[in-house]
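So the structure is just underneath, and the comments pick up after that.
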Amino acid sequence: MPETGPLTRSMDKQFEKLFAMMAEMKAGQEGLERKMEAGQEEMRVAQAGLEQKMEAGQEEMRSGQERMEKGQEEMKGLIDEVKSEVQRKIDEVEEKVQMKIEDREE
Numbered sequence: 003m004p005e006t007g008p009l010t011r012s013m014d015k016q017f018e019k020l021f022a023m024m025a026e027m028k029a030g031q032e033g034l035e036r037k038m039e040a041g042q043e044e045m046r047v048a049q050a051g052l053e054q055k056m057e058a059g060q061e062e063m064r065s066g067q068e069r070m071e072k073g074q075e076e077m078k079g080l081i082d083e084v085k086s087e088v089q090r091k092i093d094e095v096e097e098k099v100q101m102k103i104e105d106r107e108e
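Per this note's numbering, residue 3 is the first one in the sequence shown, and the count goes up by one each step.
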């Protein structure tokens with residue numbers, strides 16, 4: 003086997019260093035890719051959690067709106083009852099006043 007010269011040995015060492023650096027870079031890149039994938043998964047989980055919270059909040063708002071509408075309907079019913087009672091009292095008073103007027107005219 004022919005003896006290699008100093009230049010060849012030097013180049014071999016440089017190539018070995020280069021290959022070692024490339025292997026480190028590849029390992030680093032793979033590590034970064036795993037971290038990115040883990041980060042993306044965390045983001046997906048967080049987004050799903052936010053979506054669930056938003057849906058729950060929207061449902062709570064719908065429920066609150068329904069309660070408000072029901073309360074408004076109840077208030078309208080009570081107002082109508084009060085109006086009817088007031089009108090009945092007005093009619094009674096008018097009738098009494100009319101009777102007194104008629105009594106005085108006689």
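No residue lacks a Cβ here, since even glycine has one placed at the ideal position from N, Cα and C.
Residue i in three-state terms, based on DSSP
i: GLU96; result: helix
i: GLY66; result: helix
i: GLU108; result: coil
i: GLY79; result: helix
i: GLY7; result: coil
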